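Note sheet for the following structure.
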Amino acid sequence: MPSLEINKSSVPGMIFVGGKSRRMGEPKAQIRIGCRTCIEHVIHAVKPVVSSLTLVGETDGLAFLGLPQIPDARPGYGPLCGLETAFLHAAAIADSAAATNASNISNTSDASGASNAPDDSDDSDDSDAADTPDAPGAPDRDLILVIACDIPCIRSDVLRHLIDSIGDHDAAVPLAGGLQHPLCAVYHRSTLPMIQNRLERGVYGMLGFLAAIDCLDVTHDASGKELDPNFFINVNTPEDLERVRDCIEG
Numbered sequence: 001m002p003s004l005e006i007n008k009s010s011v012p013g014m015i016f017v018g019g020k021s022r023r024m025g026e027p028k029a030q031i032r033i034g035c036r037t038c039i040e041h042v043i044h045a046v047k048p049v050v051s052s053l054t055l056v057g058e059t060d061g062l063a064f065l066g067l068p069q070i071p072d073a074r075p076g077y078g079p080l081c082g083l084e085t086a087f088l089h090a091a092a093i094a095d096s097a098a099a100t101n102a103s104n105i106s107n108t109s110d111a112s113g114a115s116n117a118p119d120d121s122d123d124s125d126d127s128d129a130a131d132t133p134d135a136p137g138a139p140d141r142d143l144i145l146v147i148a149c150d151i152p153c154i155r156s157d158v159l160r161h162l163i164d165s166i167g168d169h170d171a172a173v174p175l176a177g178g179l180q181h182p183l184c185a186v187y188h189r190s191t192l193p194m195i196q197n198r199l200e201r202g203v204y205g206m207l208g209f210l211a212a213i214d215c216l217d218v219t220h221d222a223s224g225k226e227l228d229p230n231f232f233i234n235v236n237t238p239e240d241l242e243r244v245r246d247c248i249e250g
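Heads up: the sequence shown begins at 1 in full-length UniProt numbering, then just goes up one per residue.
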């Protein structure tokens, strides 16, 4: 991976976990690839570009990661349900952060009023303003980055480019090797009503969902280079695992 400076965004990250892993014989998230488990490779790539990380879905055996865990709102309905769950959780994160910031501002104001004696000097207000720290950036209320736990070759710079690319679109989804990759993408909360409508109607497919929204297919990275399909290999079979090990262990 090239040495790049990656800037953290205000967008929360959601890692989709669970699934039956029938062809692998063990939970894909916990398969060891080099010095890390599969999901730890994903976390290593995602963490530098998001404001927070949450595991979404069946999280058995993942407490060692020390990350917040939330079950699917509608277990058994696939990744579209995970997307609904992720949006609902992201809203709760933003609401909690807003309440905390409001409380901190109120407490700071109260403490300042109680401790500061009246001061007639001309520069007292300027001094106070200079010493007051900026409030921390609030989590994004509109966007989420979602990624499956079994895409260990993904790179931080690609994820950041997806965040930077979405603009006014409903989603920014990689298109590499002729395939869309909806479980390594950025989504806007404007899609939530459609997600919920499709779930209520029993229409669960992610590719059909992408076709129904304003989806930006991202085919190149920030430097203009075509996206490498190997970045998006899902570990679904032993053969996939060998390809991933070749990419990571070289």
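Glycine is no exception: its CB is placed at the ideal position from the N, C-alpha and C atoms. Note that this is a predicted model, so its numbers are computed, not measured.
Closest residue to residue i among the options (Cα-Cα distance)
i    : options                : result
C148 : L227, S190, I166, L53  : Residue identity check: residue 148 is Ala in the sequence provided, not Cys. Checking every option, the nearest Cα to that of A148 belongs to L53.
G25  : E249, C247, D246, V235 : V235
R155 : R189, K47, R198        : K47
D170 : T191, E200, A99        : T191
S10  : R160, G78, Q30         : R160
A98  : M14, A138, I144        : A138
V146 : A86, R23, R74          : A86
I163 : I195, L88, A92, S51    : S51
M14  : I144, L207, L210       : I144
A63  : I93, G34, Q30, A73     : Q30
For residue j and residue i, the rounded distance between their alpha carbons
i           : j    : result
A130        : D140 : The predicted position of A130 is uncertain, since its pLDDT is 37 and thus under 50; a value taken from the coordinates is nonetheless stated next. Their backbone Cα atoms lie some 27 Å apart in a straight line.
Q180        : R32  : 26 Å
I248        : P193 : 39 Å
F231        : G66  : 26 Å
D142        : Q69  : 21 Å
residue 263 : V186 : Because the chain is modelled from 1 through 250, residue 263 falls outside the range shown and cannot be assessed.
A222        : E239 : 30 Å
C153        : D95  : 33 Å
D246        : R36  : 14 Å
G205        : H220 : 25 Å
Y77         : L199 : 8 Å
I233        : P27  : 16 Å
G202        : R189 : 20 Å
D214        : I166 : 10 Å
L88         : P71  : 12 Å
P75         : R243 : 31 Å
P133        : K8   : Note on P133: pLDDT 34, under 50, position unreliable in the model; no value is reported.
R23         : L210 : 27 Å
E58         : G250 : 31 Å
L207        : G18  : 20 Å
I93         : L241 : 34 Å
A73         : N197 : 14 Å
C184        : S21  : 19 Å
A212        : A172 : 14 Å
Nearest-angstrom beta carbon gap, residue j and residue i [assumed within contact, 8 Å]
i    : j   : result
F16  : V49 : Not confirmed; about 17 Å, so no contact.
D150 : C38 : 6 Å
D157 : I6  : 6 Å
P12  : A90 : 5 Å
Contact between the stretch 212-229 and the stretch 174-185 (3+ Cβ pairs under 8 Å): yes
The stretch 30-47 / the stretch 78-85 touching (three or more Cβ pairs under 8 Å): Touching, no, given that fewer than three Cβ pairs across the two stretches are closer than 8 Å.
Runs of beta strand (DSSP E) lying entirely within the stretch 202-239, each at least 3 residues, in chain order: If only uninterrupted beta strand (DSSP E) runs of at least 3 residues are considered, those enclosed by the stretch 202-239 are 215-218.
Alpha helix (DSSP H) runs wholly inside the stretch 36-77, at least 4 long, in chain order: 38-46
Every unbroken alpha helix (DSSP H) within the stretch 128-205, with a cutoff of 4 residues, ordered by chain: 156-165, 192-200
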